Amino acid sequence: MGLRQGEALGLRWRDIDLEMGYLRINKQLQRINGAFQLVEPKTPRSRRTVALPASIVVALREHEDRQLNEKRVAGERWEDSDLVFTTDRGRPLDGTVVSHRFHRILDQAGLPQRRFHDLRYSCATLLLVQGVSPRVVMDVLGHSQIAQTMNTYTHVIPELRRDAANRMEALIADRER
């Protein structure tokens, strides 16, 4: 849903409401002087509530079940951090390791290499192409200015222009009947 990597890795179970289908971005995970720390999000607007698609809620429930099993297996070795994404011992995930795994998954799927951050761009692009208001996309991404959202994702504008022309044509054709 367009989260920055640090926001995703800093997501805690207490920040997710699976019944209502939303999550709150309150923290991000960073490595500072070799130690993982939960810190404030990048900007004040980065603190936000994000509605979750039903399929993501299902995936998070399944993930929570797997994590509870990992906790049971780890026993006393489990580090209870309340983080959603952890190692099999409950430790925070390292962003570099996540990026390497992401690249390996892309290779295995025969897909071109992308940065983990490109998932954020893809989210914004898909939302804009689906006709979601740029203001809503701005809120989902946690941008402070709509110009930031539009300037960053202007590569979708030609497709949106074509869609606008097609919609206008449909209106004109309908009036001529």
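Counting from 1, position 98 in the sequence shown corresponds to residue 743 in this note's numbering; the numbering is continuous, with no gaps. Positions of the beta carbon are idealized from the N, C-alpha and C atoms, including for glycine. Quick caveat: nothing in here was measured; it's all calculated off a predicted structure.
1. Using the DSSP secondary-structure output, state which residues sit across from Asp662 in a beta bridge.
2. Would DSSP call Ala704 helix, strand or coil?
3. Output needed for Tyr667: all residues of its chain with C-beta closer than 7 Å, excluding positions within five of it in sequence on either side, in chain order.
4. Return the first residue and the last residue of the beta strand (DSSP E) that Phe681 is part of.
5. Where does Pro757 sit, in a helix, a strand or coil, going by DSSP?
6. What is the rounded straight-line gap between the Cα of Tyr766 and the Cα of Glu721?
7. May I ask which residues mark the beginning and end of the beta strand (DSSP E) holding Thr694?
8. Could you check what DSSP says for Thr731 in three-state terms: helix, strand or coil?
9. Give the secondary structure of Leu674 by DSSP, where H, G and I count as helix, E and B as strand, and everything else as coil.
10. Less than 8 Å separating the beta-carbons of Ser634 and Phe761?
11. Evaluate contact between the segment 650-660 and the segment 671-689, counting only Cβ atoms and requiring at least three cross-stretch pairs below 8 Å.
12. Could you name the residues of the same chain whose beta carbon sits closer than 7 Å to that of His788, not counting the 5 residues immediately before and after it, in chain order?
13. Which residues mark the beginning and the end of the alpha helix (DSSP H) in which Met795 is found?
14. On a Cα-Cα basis, can you pick out the residue from Glu804, Ala754, Glu814, Leu751 that is closest to Leu771?
15. Which residue's Cα is closest to the Cα of Pro779: Arg759, Ile802, Ser700, Asn678?
Inspection of the coordinates gives the following:
1. Here residue 662 is taken as the residue at index 17 of the sequence shown, counted from 1. Beta-bridge pairing links Asp662 to Tyr667.
2. The count along the sequence shown starts at 1 and reaches residue 704 at position 59. DSSP places Ala704 in helix when its eight states are reduced to three.
3. Counting from 1 along the sequence shown, the entry for residue 667 is found at position 22. Closer than 7 Å at Cβ, skipping near neighbours: Thr694, Val695, Ala696, Leu697.
4. Taking the first residue of the sequence shown as position 1, residue 681 is located at position 36. Start and end: 680-684.
5. In the sequence shown, residue 757 corresponds to position 112, counting from 1. Coil at Pro757, not helix or strand.
6. The residue you call residue 766 lines up with position 121 of the sequence shown. The residue you call residue 721 lines up with position 76 of the sequence shown. When rounded, the distance between both Cα atoms is 40 Å.
7. Numbered from 1 along the sequence shown, position 49 holds the residue referred to as residue 694. For Thr694, the enclosing beta strand (DSSP E) begins and ends at 693-696.
8. As a working note, residue 731 is residue 86 in the sequence shown. Shown here, Thr731 sits in a strand according to DSSP, grouped into three states.
9. Start at 1 with the first residue of the sequence shown, and residue 674 comes out as number 29. Correct three-state label for Leu674: strand.
10. Past the boundaries of the shown model lies residue 634; the chain is included only from 646 to 822, so the question cannot be answered.
11. yes
12. On the sequence shown, position 143 is the one that residue 788 refers to. Arg690, Thr794, listed in sequence order.
13. Sequence index remark: in the sequence shown, residue 795 carries index 150 (1-based). Unbroken alpha helix (DSSP H) run through Met795: 791-797.
14. Here residue 771 refers to the residue found at position 126 when the sequence shown is read from its first residue. Closest option to Leu771, Cα to Cα, is Glu804.
15. Position 134 of the sequence shown holds residue 779. Considering only alpha carbons, the answer is Ile802.
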